[in-house]
Structure formats: structure tokens, C-alpha cells
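Q:
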Amino acid sequence: MLKPSAVLFIACILLISAASVNQVNAGSKTIIVPDDYPTITQAIASASAGDTIYVRNGVYNDSCFEINKPLTISGEDVRNNFVIINPTIESVYSSYFNRTYYYPDDAIIINSDNVRISGLTINSTGGITGNGDEVQLVSNIITLGKTCSLTGSKVAIERCTLTGDDWRIEGSNITLSQNRVNAANHSISVNASYCNLYSNNISGSLIVWGSYNTITHNSYDLMHVFYGDYNTIQGNSGEISLGNSDRSCSNNIVSGNQIRGPSVWGIWIGSTCRDNLFYDNYIMDEGYATYGAEYNSGVCICNLNGGSGLNNTFYHNAFINNSANVKFYSDYHTGGSIWDKGGVGNYWSDYTGADLNGDGIGDTPYVINSENKDNYPLVAPFEAPTINIALPVYDQPINLGTPVSPQSTATPTVTPTPSPAKWTPPSSIDSTGVTLELTPEITAVAIVLLASAIAIAVLVFARRRGAAKA
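For what it's worth, this note's numbering labels the leading residue of the sequence shown as 357, then goes sequentially.
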């Protein structure tokens, strides 16, 4: 008879084997829509963490995507893959107006890290809400009726066409690249630091809060950095605003931007902005929009309520054909700005001074007002910076082969149970270069056999030992 210790040992071996089998079988898998499930929603519900959902080309009517686990959802080809998401409509009654208002819920809700959605054309009256690190929207065409709001670290939106009310991203280490953005409100706003925003074509405004961001080669109507320090703003096209009446923007570098009107101003600097550097910018045809005569200029410097906006340096910029090159919106002093550096000033198209020695520097200063002057004005403009904005380049189609059982997904009502995959033996086998692939099933069987062999050996050993003692 086996001793308790032997029984306990065998039980432990079997438990370890079972755990190993479960662990091996937990590998990620690919779910194909519509082969395995007719809708993406059903595929999401059936998927496990780390799985990939592959969506073949087609038109899919679906309900809200609720993603609460790491998943990859990839469309075969964004140009031929259309997902229409119909969210729930909520009603709100207003007693004041004596009427009921109807609002769609979100179309996509993400509450997980490591979620990637790519290669889909998504249309919905709802919005997107996401909370999670490393959430990625890549190579999609997305049209929404509500706001998209994503919060997390290392969130990325790349090579997408985005149309909707407002796009908001909050967190850190955000990447926005090669997107085309059309929005009815502010367009796109980023509240984050250590971000990389480049090569985006934005119809509307780019709003930024945060520090240590790199903002390069974007096109927009207006970019407003409400507050933030040590940002690099380079090679962009559109008007630029820094700070606010009570928000600081300091030690930022603004260079090589092409700022062309007509607009209210080319560059606007808030009251508490200081120690910012502006060079190699082309500021042209600004200050002609109808808004307020006190603002209309190439550069508008605001210094209200005794603000501390000092030491903002301008050199090697071109001011061309502006209604006024510089204006001060101030109830305090207008001094504190620096208009040249290292013997190099700016080009002013209305400068009338001479250059008798031909060194390219005017012989007399360019006077802005009694407290501001450029001591080394350039007598000829430099070449305008070239701004190259890349349009979205969508991913190439992914081909997983012919569908197993194609089915219409226009009005999905049935949730079929996926059938097990069938193995078809090859017509011939090449004996050269044959390798053995240890699939999870093979590995699991091997573990069970090994555990069984150990258990049998222990049993035989125990019986022999018992017989010897007898």
C-alpha cells in the first residue's frame, strides 16, 4: 500500500501537469470575422487577452465595441473594410425647454492597456473613450459624431483620417503622426508632456498643454500652447500662440515655421511668457482679419496687469507685408523683448535704412517703438522655409487567404459556435528541411505523458519497497 507521502507526491505531479497544460493552451490566437463570428463585437466578447481579431473586407453593422483586455483588431484593407457602429441613444428631458434631447453613447470604449485598432473605416454617431497605456489607432479612417477622448501613456494615433467633433489625448509620451484631421470644434488637443507630434494635416486648431514636446512639420490654422516649457515648435505651417493671461510658456524654441495670413496675428505671446526663442520664421500677410485693431499684427505681445513676459528673443525672422509687424497689447510697459542676437536681426519689409558697406545689415536700427528696436536689421529676406506635410499612408492589405465560410454581415442576428479547424494532409512531403513545430497541443500531451511516467515509476518503486520489507 502506498504511503501518504507517495500519494501526495503523485498528486502534486498531476496538479503541476494540469497547470502546465492550461498555461500552454493559453497562447494567443487569431479570430477571423466573419469566418468565426459574424460581428466584431461578438469576436471581442469571445477573445482572450492577447488575441488578434482579423476582419475581412466587407460592410459590418455593429454595436458598441467594449474592449477590456489587450487585443489587436486588424482590418484586411482600410479602403474596403467598413464598420458602421450604431451606439445606444440616450434621452434627456429638459423641463426648462419642455423637450427631450437625444444623445448617442460612445461607439468604442477601451478600458485596457495594449489595444491596437488598425485597417478599419469606422463610421458612427457616437464617440470613442479610452483609458489605457499603449493604445494605438493606426491606419484607420474614422468619422464620429461625438468626441474621441483617450487617456494613457504611450498612446499613438498614426496614419489616420479623423473626422469628428473633437479629438482629445491626455497622458505622456503621446505620438500623433501623419494624420489628416477634420473637426468641428478645436480639432485636436493634447494635454501631455514628452510627446512627438509630427506631419499632421489639421483643418482647425492644434491645442497643446505640456512640456518637453516636439511639434514639427504640421499644418494647422492655429496652434495654441496654453502652457508648457521646453517645447520645440519647428517647421510648421500656421499661426502660433503661446501662453495665456495667467498661463506660463517659457524656454520654448519656435523656429523655421511658415506663418502666412490673412489672420488676426501671426504669433501671439501671453503676459507670463518669457525666455522663448524665435528664429528662422517667415511671418507674412498677417493682421488683416477682422477681430480687433489692437491685435492685428505679425507678432502681438500681450503684457497685461504687470505681466512678467521678458527676454523673448527674435532674430533672423522675416516680417513681410503685415498690417503692423509688431503690436503690444499692454497696460504696463512694452519693453523686455530682444530683437537681435549676435549681430543678426530680422528682415522687415518696411525698413527704409541703407546698407552702405554691403554687409547685409542695415546701417541704422529698425525702430518698433521707444522701448523696442532691432539694432541689426537684415536688408534682404532669406528663403522661406519649406514645409513638407506627409498625408496618411495606409497599411498594405493583409491577406489571410480565402474565407472558410463567407457570410453576410449586413444584419447579424446569430452567434454561431466556431467549428474546430480541420487538418488536410498534404499531397506530398519534401523530406528536406523538415522541422518539428512544438504546438501547444503537442507540448501539453508531452507534459501529461511525462507526468504519468513519473507517477507510474513512483508507484512501482513503492510497491517493490513494500514487498522487500515484507
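Here a beta-carbon is modelled for each residue, glycine too, at the ideal position from N, C-alpha and C.
Pull the bridge partners of I480 from the DSSP assignment, please.
A: One point to set straight first is that residue 480 is Ser, not Ile, in the sequence displayed. Paired residue(s): I441.
Q: Please report how far the alpha carbon of N632 lies from the alpha carbon of I396, in whole angstroms.
A: Those two C-alpha atoms are separated by around 49 angstroms.
Q: Among the residues of its own chain, which have a CB less than 6 angstroms from the CB of N496, if the five just before and after it don't count?
A: Closer than 6 angstroms at the Cβ level, and outside the excluded window around N496, lie L476, C516.
Q: Determine the DSSP secondary structure at Q398, reduced to helix, strand or coil.
A: Looking at Q398 - three-state DSSP - the assignment turns out to be helix.
Q: With DSSP run on the structure shown, which of helix, strand or coil describes R435?
A: Helix.
Q: DSSP three-state label for C605, please.
A: The answer is coil: DSSP assigns C605 none of H, G, I, E or B.
Q: Considering only C-alpha positions, which residue in the set V564, A736, D521 is nearest to N552?
A: N552 has its Cα closest to that of V564, out of V564, A736, D521.
Q: Thinking C-beta only, is C605 closer than 7 angstroms to G599?
A: Result yes, Cβ atoms of G599 and C605 sit closer than 7 angstroms.
Q: Based on DSSP bridge pairs, tell me the residues matched to T485.
A: For T485, which the question treats as bridged, DSSP gives the partners I465, S505.
Q: Below 8 angstroms on the Cβ atoms is my guess for N702 versus D730; work out the distance and round it to an integer in Å.
A: About 6 angstroms; that satisfies the 8 angstroms criterion.
Q: Please classify L410 as buried or exposed, where buried requires at least 16 other C-beta atoms within 10 Å of its C-beta.
A: In the sequence as presented, Leu is not what sits at residue 410; that position holds Tyr. Classification for Y410: buried.
Q: Closer than 6 angstroms by C-beta to I609: which residues in its own chain qualify, once you throw out the five before and the five after it? Chain order, please.
A: T588, L633.
Q: Would you kindly report the start and end of the unbroken beta strand (DSSP E) that includes H672?
A: No beta strand (DSSP E) contains H672, which DSSP labels as neither H nor E.
Q: Given that a residue counts as buried once 16 or more other Cβ atoms are within 10 Å of its Cβ, and exposed if not, what is Y644?
A: When all chains shown are included, Y644 counts as exposed.
Q: At 3 residues or longer, what runs of the beta strand (DSSP E) sit wholly inside the stretch 558 to 613?
A: Entirely contained in the stretch 558 to 613, the beta strand (DSSP E) runs reaching 3 residues are, in chain order, 570 to 572, 575 to 583, 588 to 590, 593 to 598, 609 to 611.
Q: How big is the Cα-Cα spacing for S561 and R524?
A: Each residue's alpha carbon lies about 12 angstroms from the other.
Q: Run through DSSP, which three-state label would G654 get?
A: Here G654 sits in strand by DSSP.
Q: Helix, strand or coil: how does DSSP classify I906 here?
A: Residue coverage of the chain in this structure runs from 357 to 826, which leaves residue 906 outside it and unanswerable.
Q: Start and end of the beta strand (DSSP E) containing Y550?
A: Per DSSP, Y550 belongs to no beta strand (DSSP E) and is neither H nor E.
Q: Helix, strand or coil for W624? Go by DSSP, reduced to three states.
A: W624 falls in the strand class under three-state DSSP.
Q: Helix, strand or coil for T708, going by three-state DSSP, please let me know.
A: It is coil, neither helix nor strand.
Q: Should I440 and N479 be called a contact, given that it needs their Cβ atoms to be closer than 7 angstroms?
A: For I440 and N479, yes; Cβs fall inside 7 angstroms.
Q: Name the DSSP bridge partner or partners of V735?
A: According to DSSP, which records beta bridges pairwise, V735 is partnered with nothing at all.
Q: In whole angstroms, what is the alpha-carbon distance linking I676 and I429?
A: When rounded, the distance between both Cα atoms is 50 angstroms.
Q: Considering Cα atoms alone, identify which of D391, I615, R435, S575 is closest to L532.
A: Of the candidates D391, I615, R435, S575, the one whose C-alpha sits nearest the C-alpha of L532 is S575.
Q: Is the distance from the Cβ of A680 to the Cβ of Y638 below 7 angstroms?
A: For A680 and Y638, no; Cβs fall outside 7 angstroms.
Q: Can you have a look at E727 and say buried or exposed, based on whether 16 or more other CB atoms are within 10 angstroms of its CB?
A: That one is exposed.
Q: CA-CA distance, T572 and N725?
A: Rounded to the nearest angstrom, the two C-alpha atoms are 33 angstroms apart.
Q: Which residue marks the beginning of the beta strand (DSSP E) containing Q492, and which one marks its end?
A: Q492 -> beta strand (DSSP E) spans 492 to 494.
Q: Would you call G414 buried or exposed, if buried means 16 or more other Cβ atoms sit within 10 Å of its Cβ?
A: Buried: at least 16 other Cβ atoms inside 10 Å.
Q: Y750: buried (16+ other C-beta within 10 angstroms of its C-beta) or exposed?
A: By the 10 Å Cβ count, Y750 comes out buried.
Q: By alpha-carbon positions, which one of S549, Y554, L578, M579 ends up nearest to Y568?
A: Selected option, being the one with the closest Cα: S549.
Q: Please state whether the Cβ-Cβ distance between S543 and V537 is less than 7 angstroms.
A: Yes, they are a contact pair.
Q: Consult DSSP for A539 and reduce its assignment to one of helix, strand or coil.
A: In the structure shown, A539 sits in a strand (DSSP, three-state: E or B).
Q: Go through its chain and collect everything with a Cβ distance to S619's Cβ below 7 angstroms, but skip five positions before and after it.
A: Contacts found: E595, E642, A645.
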